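Residue numbers (the numbering used here): 112 to 1398. Using N, Cα and C, we set each Cβ at its ideal position, and we do this for glycine too. Computed from a predicted structure; not experimentally measured.
Set out below in structure tokens:
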């Protein structure tokens, strides 16, 4: 495989969800290739989503698609299949999916309103169009209305309402008179966005009877006219005359003159309003004010500036228009109407929402069998759009399974695809403002290589310019490309070629000897193909005599020369320009073969004249300035870069030096400051020029130091203050003689890869460092500190040598010396390396453990002898694990923990130990190869610590003056319990706490009856256990003594228990109180001051799973009930398990798990036997008939007195069942919401069975239920009844 200059994008790796993905193949846009390759359908043309049609013309719904084989088309209408064959008015265009609905031949457009969707399908998948909503345009007539004349006093405001008919699409409104002339509008009179005509103040000239509102419906090309509106304005003078004619001379009369008024807003009304606009639309805000003088409108944005370049003012600044709005344009916009008497303002709160728009639309994938790929669909909007996927038009959840496909949100990941994986996928991004639908196909192709570049294509380039030889190809899997020159040439490699990803071969600097035949070979696992192209290298076109600056007297004659040299096979054309434009069409301009002559020069001929020489391959130009003067001028001083030096000559050629001399070119009125000398190595790097040295501008010879075995050419560049000259022509070539190498390889290293070898590596010399042909290396080595001779071997021009059969991890002296056909380089320096490592031989000894406290220990060990490490010492690993808890004397699953201590350390701390436990540990030494043997297990014990809180605290049997407390042992005793501490205090109605009482209880007790309490009083209890070390964390609970023999119902949550894993915890609790309560769980890190996090429990379940917890962290948790102010449980503390450090245990092989499964199987068998027996006895008691008549006794439980179904009364009502009542013995009376917790399958049936199987006695869903005591803990139904509820 040839070396590539840049990594191909199709081979670039992408780590995505820990999977390595390979990007898809690119299919060239070659028409012949596209005709031959199979391809899923692609929708190429479709009608708009909202398609308003002319009801008088045929409806054409476009749907065009391409694919191979050509796709077939089908349509749905309003979500169901649209059978066009059953509708004579509907046809589908041949070889197309476009529908034509014939309206002009008797059809009605309204009958075809609906939502249409096109599906294009072939054997490789199905693409779908957008949902196309078809609606015929409507232009309804104006409703007839009686319009009263408008009589207005001069100076008052007026609004003429248009109220056009509702059309589809909405009409365009304008006001005209009877002569069809537009009514003039101004700052005083203008049309609003709603079509109404607003007068800020009326004047006498506004009187007329033909104010007519027109509505133009563009779709149907119709205009509807409203009845004319009459406006009569009464001036103050005429009003006074009318009043005077009707009053006597003695009366006081006269109307008030026209009074000026401060502005008020006609629209919008009020001080504030809101507007919602979509991203990308045009935002139009309007303020029209009344007032006299006419108010002027000004707009501002509160807290910001109006967006520049997108803000426009219309309708005499009454309308603010912002185009292409975005979320940043949201905010408050204030319009201010002002005249000389004051101002009025209105604030419009604008919210910019956004229909979905693409961030990354899915793109087609072309993959080879076995490759990986991804489809990514990312869209944004406001609100955030929902992303859903379809496969071949079907929701991906119900589409046929594809084992190579995995959906991860907005991404579909394909792994190891097969040909059957070809399909078209649709991504739908939608929110309340719209949707986006994109089709992207996944096409799995297995194709042998094809070369698309025509055979024997001829390429022509100019010498010293790049040559690009095409080899357009396609294949699947992607073929590898190789290039050869000549019929029997070898594969092209090296820095003189660039190999592009698309198969193109680039020769950066083509020379004459680059011409010839080049062969491109493409191969993959399915085949191989080749193609030849021809390259011709032409001489460059040059202007050897350029036009020169001219100063000419007016009416004189001037001539510019342009003499060229070009390749004999190319036909040049010469064009003259004046000031970069064509020459004037004037007979005074004469164009010859090599010149341009201007006769009878005038002032307008002054300018720049350019000679341009074009061939089919290159173009050169040269310019000169013509200055026309009235009198013979003094030539202006022109400063320019110097001309290049010439006549380079080499003399005094020696093995390591040569003398170079040259003649400077014209300095062009700026002295030459220095000369730069460059060289080319024609043997190793032809065409590449390197900096050699530079000399002052007064010096024209230099003695140059040379290296052996280099074919030198030199060139010189002159430099002045204006710039650098063009390089001179190269000197003659000088090949220096070969010599011994002057230097040795660098970066010599010796590192073993196996226990019995030594890998010696170095950096090879560059080409010109070889000093001669036949570059090789002498590699020498010997074991250090052993009196051995050097072992040497001579290798070719490589950079690695492997010595086998070495002892394990011993130091070696290494040296690498360069040599060529003429001899050796100087003696190289020695470096120290090591042979390969092996696992350590011995374990650390004298392992000692010092227990610091109940959770921390310090371990010591003696270091192992370095000789036994057999490698580079990296450190020590301590393995430790808990054997058993000393308080429980029960073993558990062993989970080993590992701590690593770097370097030659001989001690370490073991944190996180459990108190009062027995541990074992061992120590191992680690080198670069791995771990050594373990030391003998060391046993140590941790001392006692404080215990955890008691596992539960249950308060039962409340009486007038006593409560019964029951509790469970701490989950982690962390030692020998010495006693329990109980503290309690009363709580009054304002939740204030009373005096605290403390009682010490012996450790062997598990219950206590508290007496001499106050009746009808709530108490808060604090309970914790003690060891000899101290008190542990406490558990709290509340309870109430009763007021009389009737128990009041106080809601409470108690016995909050947790079962924690690594990243989640199961929280369960017991609840007493009213039914239909919604619970919530609050939790946080123990000891943290952060706010509690809250999770809502679904329904009235008594358990919840907290997820996303941090391993090895202590959390606090409590449970509350919605709607019960301030009512929640006491806090409980739990700790998540530590993160798994190493291997995980297969649960299916554990003995406890196998035993549990056997017990479950036995229980199910017993339940099935009981069910079978009871089913056989089902007809012997009346309850059976009741159950048969009602399918779901959980929804319709039985009444207690008559056996009929009625409202269910839960045991939580704390009322005893009536004597003699019956409850179905084969069903479980349940709450309305299902409890999914496994805790519900506990004990709790107090009744017994008669000999005939009927149920006798009181049913209770509670454990230890007493009819008169309602504050007991709620327990689940028995396993028998729980199972029967499913029979």
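Where do the N-terminal and C-terminal ends of the beta strand (DSSP E) with residue 816 fall, by residue? Taking the chain shown and counting its residues from 1, one reaches residue 816 at position 705. It spans 812-816 - the beta strand (DSSP E) in which residue 816 sits, taken as one unbroken run.
Just grab the DSSP bridge partners of residue 653 for me. Stepping through the chain shown from its first residue, residue 653 is reached at position 542. Per DSSP, 676.
Residues of its chain near residue 330, where Cβ-Cβ distance is below 7 angstroms and the 5 sequence neighbours each way are ignored: Your numbering for residue 330 matches position 219 in the chain shown. The residues are 163, 165, 248, 280.
State the start and end residues of the unbroken alpha helix (DSSP H) segment that holds residue 978. Position 867 of the chain shown, counted from the start, is the residue given in the question as residue 978. Run containing residue 978: 977-980, per the alpha helix (DSSP H) assignment.
Less than 9 angstroms separating the beta-carbons of residue 341 and residue 396? As a working note, residue 341 is residue 230 in the chain shown. As a working note, residue 396 is residue 285 in the chain shown. No, these two residues do not count as a Cβ contact at 9 angstroms.
Reduced DSSP secondary structure (H/G/I, E/B, other) of residue 1262: In the chain shown, the residue the question calls residue 1262 occupies position 1151. If DSSP states are grouped into helix, strand and coil, residue 1262 belongs with the helices.
Cβ of residue 1422 within 9 angstroms of Cβ of residue 184? Residue 1422 falls outside the range modelled here, since the chain spans only 112 to 1398, and no answer is possible.
Please work out which residues of its chain come closer than 8 angstroms, Cβ to Cβ, to residue 360, disregarding the five sequence neighbours upstream and downstream, and give them in chain order. On the chain shown, residue 360 is found 249 positions in, with the first residue counted as 1. Confidence is the limiting factor: at residue 360 the pLDDT is only 45, short of 50, which leaves the residue's position unreliable, though a coordinate-based value still follows. So no residue of the chain qualifies.
Any idea which residues DSSP pairs residue 1084 with across the strands? Reading the chain shown from its first residue, position 973 is the one you call residue 1084. Beta-bridge pairing links residue 1084 to no other residue.
Check residue 1299 in the structure and name its three-state DSSP category. Taking the chain shown and counting its residues from 1, one reaches residue 1299 at position 1188. Note on residue 1299: pLDDT 44, under 50, position unreliable in the model; the coordinate value appears next. It is helical.
Hey, how far is the Cα of residue 171 from the Cα of residue 241? Counted from its first residue, the chain shown places residue 171 at position 60. Counted from its first residue, the chain shown places residue 241 at position 130. Residue 171 and residue 241: Cα-Cα distance of roughly 15 angstroms.
Would you call residue 631 buried or exposed, if buried means 16 or more other Cβ atoms sit within 10 Å of its Cβ? Locating residue 631 in the chain shown gives position 520, counting from the first residue. With 16 or more Cβ atoms within 10 Å of its Cβ, residue 631 is classed as buried.
Can you look up residue 1093 in the DSSP assignment and give me helix, strand or coil? On the chain shown, residue 1093 is found 982 positions in, with the first residue counted as 1. In this structure, residue 1093 counts as strand in the three-state DSSP scheme.
So if DSSP puts residue 397 in a beta bridge, which residue, or which two residues, is it bridged to? As a first step, residue 397 is located in the chain shown; it is residue number 286 there, counting from the start. DSSP, once it has assigned bridges, lists 430 as partnering residue 397.
Taking just the CA atoms, how far does residue 606 sit from residue 793? Looking up residue 793 in the chain shown gives position 682. Looking up residue 606 in the chain shown gives position 495. When rounded, the distance between both Cα atoms is 14 angstroms.
Classify residue 696 as buried or exposed, calling it buried when 16 or more other Cβ atoms lie within 10 Å of its own Cβ. Start at 1 with the first residue of the chain shown, and residue 696 comes out as number 585. Under this definition residue 696 is an exposed residue.
Are at least three pairs of beta-carbons, each pair with one atom in the region 532-552 and one in the region 460-473, less than 8 angstroms apart? yes
Between which two residues does the beta strand (DSSP E) containing residue 1051 stretch? For the purposes of this step, residue 1051 is identified with residue 940 of the chain shown, where counting begins at 1. First-last of the beta strand (DSSP E) with residue 1051: 1049-1052.
C-alpha distance - residue 1123 paired with residue 1073, whole-angstrom precision: Position 1012 of the chain shown, counted from the first residue, corresponds to residue 1123. Position 962 of the chain shown, counted from the first residue, corresponds to residue 1073. Rounded to whole angstroms, residue 1123 to residue 1073 spans 6 angstroms at the Cα level.
Compare the beta carbon distance of residue 1400 and residue 1128 with 9 angstroms and say whether it is the shorter of the two. With the chain represented from 112 up to 1398, any question about residue 1400 goes unanswered, as that position is not in the structure.
Residue burial classification, residue 957 (beta-carbon count within 10 angstroms, cutoff 16): One-based indexing of the chain shown puts residue 957 at position 846. Exposed, since its Cβ has fewer than 16 Cβ neighbours within 10 Å.
Please state the DSSP three-state secondary structure of residue 1227. Along the chain shown, one-based indexing puts residue 1227 at 1116. Residue 1227 falls in the strand class under three-state DSSP.
Under 8 angstroms by Cβ, that's how I've got residue 824 and residue 790 pegged, so tell me the actual separation to the nearest angstrom. For the purposes of this step, residue 824 is taken as residue 713 along the chain shown, with counting starting at 1. For the purposes of this step, residue 790 is taken as residue 679 along the chain shown, with counting starting at 1. Contact holds; Cβ gap of about 7 angstroms.
By Cβ distance, which residues of its chain are closer than 6 angstroms to residue 431, with the 5 residues on each side in sequence left out? One-based indexing of the chain shown puts residue 431 at position 320. Hits under 6 angstroms: 396, 410.
For residue 677, which residues from the same chain have a beta carbon less than 6 angstroms from its beta carbon, with the 5 sequence-adjacent residues on both sides left out? On the chain shown, position 566 is the one that residue 677 refers to. So the list reads 652, 683, once near-sequence residues are dropped.
Per DSSP, which residues does residue 576 bridge with? Please list them. Residue mapping note: residue 576 aligns to position 465 of the chain shown, counting from 1. Beta bridge pairing from DSSP links residue 576 with no other residue.
Please confirm if the region 627-643 is in contact with the region 553-568, defined as three or more CB-CB distances below 8 angstroms between the two stretches. yes
Which of the three DSSP states, helix, strand or coil, is assigned to residue 969? In the chain shown, counting from the first residue as 1, residue 969 sits at position 858. If DSSP states are grouped into helix, strand and coil, residue 969 belongs with the strands.
Proximity to residue 320 [Cα-Cα], best of 670, 1154, 679, 260: Stepping through the chain shown from its first residue, residue 320 is reached at position 209. The shortest CA-to-CA distance from residue 320 to any of 670, 1154, 679, 260 is the one to 260.
Reduced DSSP secondary structure (H/G/I, E/B, other) of residue 223: Start at 1 with the first residue of the chain shown, and residue 223 comes out as number 112. Correct three-state label for residue 223: helix.
Boundaries (first-last residue) of the beta strand (DSSP E) holding residue 1407: There is simply no residue 1407 to check, as the chain begins at 112 and stops at 1398 in what is shown.
Could you pull out every residue in the same chain whose Cβ sits closer than 7 angstroms to the Cβ of residue 1141, ignoring the five residues on either side in sequence? Locating residue 1141 in the chain shown gives position 1030, counting from the first residue. Closer than 7 angstroms at the Cβ level, and outside the excluded window around residue 1141, lie 1057.
Closest to residue 1138 by C-alpha separation, out of 893, 965, 714, 576, would be which residue? Numbered from 1 along the chain shown, position 1027 holds the residue referred to as residue 1138. Nearest C-alpha to residue 1138 among 893, 965, 714, 576: 965.
Per the DSSP calculation, residue 488 is bridged to which residue(s)? Working through the chain shown from its first residue, we reach residue 488 at position 377. In DSSP, residue 488 forms no bridge with anything.
Assign residue 277 to one of three DSSP states: helix, strand, or coil. Within the chain shown, residue 277 is the residue found at index 166, counting from 1. Three-state DSSP puts residue 277 in coil, outside helix and strand.
Tell me the DSSP bridge mates of residue 693? As a working note, residue 693 is residue 582 in the chain shown. Paired residues: 688.
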